[in-house]
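Reviewing the structure listed below.
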Amino acid sequence: MTNVAWNSRELSVGQLAERSGVAVSALHFYESKGLIASRRTAGNQRRYSRDTLRRVAFIRLSQRLGIPLKTIKDALAELPENRTPTRDDWARLSAAWRGELDDRIEQLQRLRDDLTDCIGCGCLSLDRCALANPQDRLGAEGPGARRIDTRICTPTTCR
Ligand code: FES
Numbered sequence: 538m539t540n541v542a543w544n545s546r547e548l549s550v551g552q553l554a555e556r557s558g559v560a561v562s563a564l565h566f567y568e569s570k571g572l573i574a575s576r577r578t579a580g581n582q583r584r585y586s587r588d589t590l591r592r593v594a595f596i597r598l599s600q601r602l603g604i605p606l607k608t609i610k611d612a613l614a615e616l617p618e619n620r621t622p623t624r625d626d627w628a629r630l631s632a633a634w635r636g637e638l639d640d641r642i643e644q645l646q647r648l649r650d651d652l653t654d655c656i657g658c659g660c661l662s663l664d665r666c667a668l669a670n671p672q673d674r675l676g677a678e679g680p681g682a683r684r685i686d687t688r689i690c691t692p693t694t695c696r
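Add 537 to a position in the sequence shown, counting from 1, and you land on the number used in the numbering used here.
Written as structure tokens, this is what we have:
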């Protein structure tokens, strides 16, 4: 366990990982996606400002809600001067995301209900199975087979 002084203004990646409970590899990934930022020391080591902890917490909570990283990044980018999300920011964003969550729950409930019809069936029929052909989307494209790959290919590209 790494000791971090309570008044330390910066954290190494190991300290940030330890304090946030997020793997170093995930922190590097967040940084590569522009969700968090660090400065480099003379020895080329990353140093994160202490408020990055709150930023990482925001990212993790948002991810738990199923919010895509791109959306999280956009939300963070809206904050003035790239500051760390405050309690009010979280309240505003989480309220906005609630509608999306409700939509996804509704969609998953529909999928669950369709799956119930499939249990013990196994037909995978495009005519009958709501999972194989939701709302008969393929039927709307016209008669005949709809899932044949029609890309032109040569003997070297097709196997
Ligand atoms: S597998 Fe037969 S209805 Fe879905």
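Each residue gets a CB set at the ideal place from its N, CA and C atoms; glycine is no exception.
Exercise for review: Can you check the region 606-632 for any alpha helix (DSSP H) of at least 4 residues that lies completely inside it and give the ranges in chain order?
Suggested key: 606-615
Check your understanding: Taking DSSP as the reference, what is the three-state secondary structure of Glu678?
Key -> coil
Check your understanding: Can you tell me the Cα-Cα spacing of Pro671 and Ala633, whole angstroms?
Key -> 28 Å
**Study point:** Neighbour-count burial assignment, Arg647, 16 or more Cβ in a 10 Å radius
**Key:** exposed
Exercise for review: Take Leu530 and list the residues in its own chain whose beta-carbon comes closer than 6 Å to its own, dropping the five residues that flank it on each side.
Suggested key: No information on residue 530 is available, as it lies outside the stretch 538 to 696 that the chain covers here.
Review point. So, using beta-carbon positions, are Leu548 and Thr589 closer together than 8 Å?
Key: yes
Practice item. Tell me whether Leu668 is buried or exposed, calling it buried when 16 or more other Cβ atoms sit within 10 Å of its Cβ. Key: exposed
**Study point:** Segment contact flag, the region 564-581 with the region 604-624, C-beta cutoff 8 Å, min 3 pairs
**Key:** yes
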